[in-house]
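Reading through the structure tokens given below for one structure.
Number of protein chains: 2
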Amino acid sequence: MKQGNETKIRILTVANELFYHQGFNSTSIANIVDKTKLSKGNITYHFKSKQAILEGIVEQRLLDIDGLLNQWDMEIIAPLDRLLRFCGMLIDEQDNLKYYGCPMGTLTGELSKNQPIHYKITLPMFKRFRSWLTQQFLLLNYPPEQSDENAMELLSRVQGISVITHVFKDKEFLNKEIKKLKETLHIEYGGGFIP
Amino acid sequence: MKQGNETKIRILTVANELFYHQGFNSTSIANIVDKTKLSKGNITYHFKSKQAILEGIVEQRLLDIDGLLNQWDMEIIAPLDRLLRFCGMLIDEQDNLKYYGCPMGTLTGELSKNQPIHYKITLPMFKRFRSWLTQQFLLLNYPPEQSDENAMELLSRVQGISVITHVFKDKEFLNKEIKKLKETLHIEYGGGFIP
DNA sequence: GTCTATACGCAGATAGAC
DNA sequence: GTCTATCTGCGTATAGAC
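So the sequences go chain by chain: A and B.
So in my numbering, spot 102 of the first sequence is number 187, and the numbers just go up one at a time.
So in my numbering, spot 5 of the second sequence is number 90, and the numbers just go up one at a time.
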């Protein structure tokens, strides 16, 4: 119990990066051993299986997402500005997106196949964004159902841009599309809900 | 040389389905053996490695894509109708999309990580659609650069819808979004290019 | 062309010393 | 808590008989 939590975090940090960069299936425990400079036994002590590591990562990511969304809620007052900030996230992450794609999207693509771990792992992350986005549209006075529909559409747009940026390794495309998307948000939602 | 080509096709067909349903990394040669009811040695005779199978699959898919696009070119005259037909593909494939995502998109997500096989494998498939879509916009009298931009945006939209449909296992979302997308195409491009 | 049998490495999981 | 050592299965690739 010396500094178990600290090494635990180190393992999660390293594994998260490896899973993101190489994919979950293509990352071995040995890879994690190398990069953490810890022993295989030590890692096993903290996480009994590879999937346990993945679950730990997602737990951490969910906390990060919640933290980010809460921060935006505090720093940004206008719902529309929050939506724009959401889109800006892709600009911030453009280098990662180019080389590795969306951390949630690519992980889902990998996990949703063969086994339904996906439901417990990647789906919750998407749900956080979905409900947060929905909340912003509610604040813009859209009815519940349409708020959710708008949220899903925005999620969809952002995912599409991520995929194409990743596939064609094209940051120019990303910047152009995000700019257009932001303009669309202004036009579509700038005035709030009009029945 | 009895009927080598026939078994070759059988291997490709089965492997293609398995790679799509389970993912490339999670599919073993043994899986292919089971499903083809061929021996492991026989498969090795036709394809010297797992990656060779993948390359064979992509070769086949490229032919399929070209065939499909040529068919559309022949059957459908108006470029706008061709774009609508392109969107309709997602409706046709909605069950597969729900459970396994876009065949090109999910494969890219898997392969683009760790190794750059991706450039030779999945990128060409995307490029076919990109240039075909670009061609349609050119026929609508859009300038070359904007034609390509429109093509990329449409690709992006469609990929986004695929991802979200897959993540949330939501066919209702897909149908609604495709309907909206088609309407948008009508409005945006229905009149052709206006300088 | 198709099969069986085998080699070899690496992955993940486990046991136990310090 | 951290380490080294070992077990076991599965994965790909190969050799060779028919």
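Idealized CB from N, CA, C, for every residue including glycine.
- Nearest to threonine 92 of chain A by alpha-carbon distance, out of A:Asn127, A:Asp149, A:Trp217, A:Asn110, is A:Asn127.
- Taking 8 Å as the CB threshold, glycine 277 of chain A stays off the interface with chain B.
- Judged by beta-carbon spacing, isoleucine 114 of chain A lies beyond the 8 Å limit of isoleucine 96 of chain A, meaning their Cβ atoms are not closer than that value.
- Distance from the Cα of lysine 120 of chain A is smallest, within the candidate group A:Trp217, A:Leu103, A:Pro228, for A:Leu103.
- Straight-line spacing of the CA atoms in tyrosine 105 of chain A and phenylalanine 222 of chain A works out to 31 Å.
- At a cut-off of 8 Å between beta carbons, asparagine 181 of chain A makes no contact with chain B.
- In the three-state reduction of the DSSP assignment, alanine 163 of chain B falls in the coil class, being assigned neither a helical nor a strand state.
- Contact annotation for methionine 174 of chain B against chain A: no contact, minimum CB-CB distance about 15 Å [criterion: below 7 Å].
- Using beta-carbon distances, valine 248 of chain B counts as an interface residue toward chain A, with a partner under 8 Å.
- For leucine 123 of chain A, there is no enclosing alpha helix (DSSP H), as DSSP marks it with neither H nor E.
- Of all residues in the segment 104-117 of chain B, those with a C-beta nearer than 7 Å to a C-beta of chain A are His106, Gln107, Gly108, Asn110, Ser111, reading in chain order.
- The straight-line gap separating the alpha-carbon atoms of histidine 251 of chain B and asparagine 235 of chain B is approximately 24 Å.
- Ranked by Cα distance from proline 209 of chain A, the options A:Met159, A:Gln107, A:Thr98, A:Gln145 are led by A:Gln145.
- In the assembly as shown, lysine 198 of chain B is a buried residue. Its beta-carbon has 16 or more other beta-carbons within 10 Å.
- Here DSSP, grouped into helix, strand and coil, assigns tyrosine 130 of chain A to helix.
- Between leucine 165 of chain B and leucine 225 of chain B the beta-carbon gap is near 7 Å, inside 8 Å, which marks them as a contact.
- Residues of chain A whose Cβ lies closer than 8 Å to the Cβ of leucine 208 of chain B are, in chain order, Val252, Phe253.
- Assignment of serine 232 of chain A by DSSP, reduced to helix, strand and coil, places it in the helix class.
- Under the three-state reduction of DSSP output, lysine 254 of chain A falls in the coil class, being neither helix nor strand.
- A:Glu195 is the residue among A:Leu147, A:Gln107, A:Glu195 whose C-alpha sits nearest the C-alpha of threonine 112 of chain B.
- Think of a sphere of 9 Å around the beta carbon of tyrosine 185 of chain A: the chain B residues whose beta carbon falls inside it are Ser197, Lys198, in chain order.
- Listed in chain order, the non-local C-beta contacts of isoleucine 138 of chain B below 6 Å within the same chain comprise Ala100, Phe132, local neighbours out to five positions each way being set aside.
- Contact annotation: arginine 213 of chain B and glycine 245 of chain A have beta-carbon atoms that are not nearer than 8 Å.
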